[in-house]
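Residue numbers (the numbering used here): 5 to 453.
Okay, structure first, notes after.
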Amino acid sequence: MSLPWPAIDAAIANAEPILLGGRVARVNGLVVEGTLPRARLGMLCRLIVRGDPEGVPAEVVALREGSCSLMPLRSVSGITAGTPIEPMEESASVPASDRLIGRVVDAWGNPIDSGPPLRILQRTPLQPPPLNPMDRSMVERPLPMGIASIDGMLTCGEGQRIVIMAGAGVGKSTLLGMLARSSEADVTIIALIGERSREVKRFVVHDLGESGLKRAVVVSATSDQAVALRIRAAYAATSLAEYFRDQGKRVLLLMDSLTRVCMAQRELGLATGEPPTTRGYPPSAFAIIPRILERAGQGTGRGSITAFYTALLESDDLGDPIGDAIRAVTDGHIVLARSLAERGHFPAIDVLASTSRVMSDVVDPTHRKAAVSVRRLMSELREAQELVLFGGYEQGRSPRVDKALSLEEPLRDLLTQSAEEPGRAFDATRQRLLALARRYEGEEKSDAS
5 MSLPWPAIDA
15 AIANAEPILL
25 GGRVARVNGL
35 VVEGTLPRAR
45 LGMLCRLIVR
55 GDPEGVPAEV
65 VALREGSCSL
75 MPLRSVSGIT
85 AGTPIEPMEE
95 SASVPASDRL
105 IGRVVDAWGN
115 PIDSGPPLRI
125 LQRTPLQPPP
135 LNPMDRSMVE
145 RPLPMGIASI
155 DGMLTCGEGQ
165 RIVIMAGAGV
175 GKSTLLGMLA
185 RSSEADVTII
195 ALIGERSREV
205 KRFVVHDLGE
215 SGLKRAVVVS
225 ATSDQAVALR
235 IRAAYAATSL
245 AEYFRDQGKR
255 VLLLMDSLTR
265 VCMAQRELGL
275 ATGEPPTTRG
285 YPPSAFAIIP
295 RILERAGQGT
305 GRGSITAFYT
315 ALLESDDLGD
325 PIGDAIRAVT
335 DGHIVLARSL
345 AERGHFPAID
355 VLASTSRVMS
365 DVVDPTHRKA
375 AVSVRRLMSE
385 LREAQELVLF
395 GGYEQGRSPR
405 VDKALSLEEP
415 LRDLLTQSAE
425 EPGRAFDATR
435 QRLLALARRY
445 EGEEKSDAS
């Protein structure tokens, strides 16, 4: 008698595997250690705590022979030796849908705003396989940001990754809000990680505003939430950006801040026994940077993820190890200078200390030449201002220095922009840049391009 093999194969394929549970052995600070058969890194579990019908969610963060370490995603109160561990899912994922646009969600993808509840069945993995670099499209087109100092002097391309480097209180959040409102991206994904609760509300209401939120998804994990949730929020925001990129959309990903993601990974790494290295950061705190950043960029089709990550510099130190590691992976960096912010120059972008490594690939030669001329003007002005300040220069001694000083006001008008101002058109910024370069170089002829 022959067996019905097609029916047997179909039954096996549709069968749900039985997930074997385990028990907690001990609670060690931030980490719970226990046994869990077939545990995998990143697996989500539930700790069955007495009096809590939902249980405490936890993530497998380390594996050892015969045991594993789990990071609870809520308070560890009530967890004791012997607490049952129940697997939830083998691979972490997040809900993904166009209905998330205009909403503020947590690291799980659940709405935390005052909007209606969402029921989204489609999910996307938190850590999908990496794309083949040879299948990615090239960065060839500019993505206008609506900010003159960026569009004119540090032009971004579709699929570029940039780090915004700054100390505290120099306008990072304001700049991110301007980017979200003014860029020509189709969808904006904003990750607010490690921020104070008050700052999250303020950013959504004031910096982002209604106009920015209507085409954005905000993913929030505040500083008082579990370490693993802060890390998960970074992956969730990136996964949502990939979801919209795969629809062929131009996605703008804003993450504030990647430094706090690395700090969360430092807490996790030290809690699981990793050795500290540079400034107390374990190796995993540096390894997480390319894992997140390499997922942004051009896709294999028409879609792209243009990403801005903020790096919080201690004491405005550009040699900060985390900032250095991020800068090495990105396609450019924007430095916000406290000296400019103190003079009321906003956005406080230090153009001479910043660079866009793809600008030459996305702008025409005329634009590129004008940007180089204006950089020379800015350098000349910086040197001249120091001489004038200390009385080392008299007007008339150098026609070129005199011309640079006479163009200080037009240059400031080009590079400064209030947060309330609508985004500036890319072509208008380009024409103003060309006109300023011609004045500096002594060329009064009109641009033939």
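Ideal Cβ positions, reconstructed from N, Cα and C, are used throughout, including at glycine.
Is the Cβ of residue i closer than 8 Å to any Cβ of chain D?
i           : result
alanine 429 : Among the chains in the structure shown there is no chain D, since it carries only a single protein chain.
Can the beta-carbon of residue i be found closer than 8 Å to that of residue j?
i           : j                 : result
leucine 258 : phenylalanine 312 : yes
alanine 291 : alanine 237       : no
valine 231  : alanine 268       : yes
alanine 300 : alanine 245       : yes
leucine 317 : alanine 170       : yes
leucine 262 : alanine 315       : yes
glycine 198 : arginine 283      : no
proline 115 : leucine 122       : yes
glycine 163 : isoleucine 296    : no
alanine 96  : leucine 48        : yes
Note down, in chain order, each residue of its chain lying with its Cβ closer than 6 Å to the Cβ of residue i, except the 5 sequence neighbours on either side.
i            : result
valine 3     : In the structure as shown, the chain begins at 5 and stops at 453. Residue 3 is therefore absent and cannot be evaluated.
glycine 336  : Ile166, Thr359, Ser360 and Arg361
arginine 140 : Gln302
alanine 241  : Ile193, Ala195 and Val223
alanine 374  : Leu437, Leu438 and Ala441
alanine 357  : Val339
proline 470  : As shown, the chain starts at 5 and ends at 453. That puts residue 470 outside it, with no answer to give.
For residue i, which residues from the same chain have a beta carbon less than 7 Å from its beta carbon, with the 5 sequence-adjacent residues on both sides left out?
i           : result
alanine 85  : Val28, Ala29 and Arg30
alanine 66  : Cys72, Ser73 and Thr276
serine 377  : Ala441, Tyr444 and Glu445
proline 286 : Arg270, Gly273, Leu274, Glu278, Pro279 and Pro280
aspartate 1 : This structure cannot settle anything about residue 1, because the visible part of the chain is limited to 5 through 453.
glycine 26  : Gly38, Thr39, Leu40, Pro41 and Ile89
serine 288  : Gln269, Gly273 and Glu278
aspartate 1 : The question about residue 1 has no answer, for the chain in this structure spans 5 to 453.
alanine 388 : Tyr397, Val405, Ala408 and Leu409
alanine 43  : Val64, Leu67 and Cys72
valine 333  : Ile293, Pro294 and Leu297
Assign residue i to one of two classes, buried (16 or more other C-beta atoms within 10 Å of its C-beta) or exposed (fewer than that).
i              : result
histidine 371  : buried
methionine 75  : buried
leucine 24     : exposed
alanine 4      : Coverage of the chain is limited to positions 5 through 453, which leaves residue 4 absent and any answer about it impossible.
methionine 363 : buried
glycine 33     : exposed
glutamine 399  : exposed
valine 209     : exposed
What's the C-alpha gap between residue i and residue j?
i              : j             : result
serine 432     : glutamate 37  : Reading off the sequence, residue 432 comes out as alanine, not serine. The straight-line gap from Cα to Cα measures roughly 60 Å.
glutamate 90   : leucine 51    : 6 Å
leucine 217    : aspartate 211 : 10 Å
arginine 103   : aspartate 406 : 57 Å
alanine 438    : glycine 156   : Checking the sequence shown, residue 438 turns out to be leucine, not alanine. Cα to Cα, the separation comes out at about 9 Å.
aspartate 56   : serine 79     : 12 Å
glycine 348    : glutamate 412 : 15 Å
serine 243     : valine 98     : 8 Å
glutamate 214  : alanine 15    : 50 Å
alanine 100    : serine 383    : 47 Å
isoleucine 326 : proline 294   : 12 Å
serine 453     : valine 367    : Note that serine 453 scores 43 on pLDDT, short of 50, meaning its location in the model is unreliable and no value can be drawn from it.
leucine 385    : arginine 416  : 11 Å
lysine 449     : glycine 307   : Note that lysine 449 has pLDDT 43, beneath the 50 cutoff, so the model's placement of it is unreliable and no number is given.
valine 204     : valine 108    : 10 Å
arginine 254   : aspartate 321 : 33 Å
glycine 106    : threonine 304 : 27 Å
arginine 127   : leucine 381   : 51 Å
glycine 119    : valine 191    : 19 Å
leucine 130    : serine 410    : 54 Å
leucine 418    : glycine 82    : 59 Å
serine 319     : alanine 62    : 35 Å
glycine 323    : tyrosine 247  : 35 Å
arginine 331   : glycine 113   : 29 Å
glutamate 58   : arginine 234  : 21 Å
Let me know the secondary structure DSSP gives residue i once reduced to three states.
i              : result
valine 143     : coil
methionine 149 : coil
serine 227     : coil
tyrosine 239   : helix
serine 450     : Any answer about serine 450 is weak, because its pLDDT of 41 lies below 50 and its placement is not dependable; what the coordinates show is given next. Coil, per DSSP.
tyrosine 285   : coil
glutamate 214  : helix
proline 325    : helix
valine 80      : coil
valine 64      : strand
serine 269     : The sequence as given places glutamine at residue 269; serine does not occur at that position. Note: glutamine 269 maps to helix in three-state DSSP.
Using C-beta distances below 8 Å, list every residue in its chain close to residue i, excluding the 5 sequence neighbours before and after it, in chain order.
i              : result
leucine 45     : Val64, Val65, Ala66 and Leu67
isoleucine 151 : Leu179, Met182, Leu183, Ser186, Pro351, Gln421, Gly427 and Arg428
arginine 379   : Met157, Val355 and Leu356
glycine 70     : Thr39
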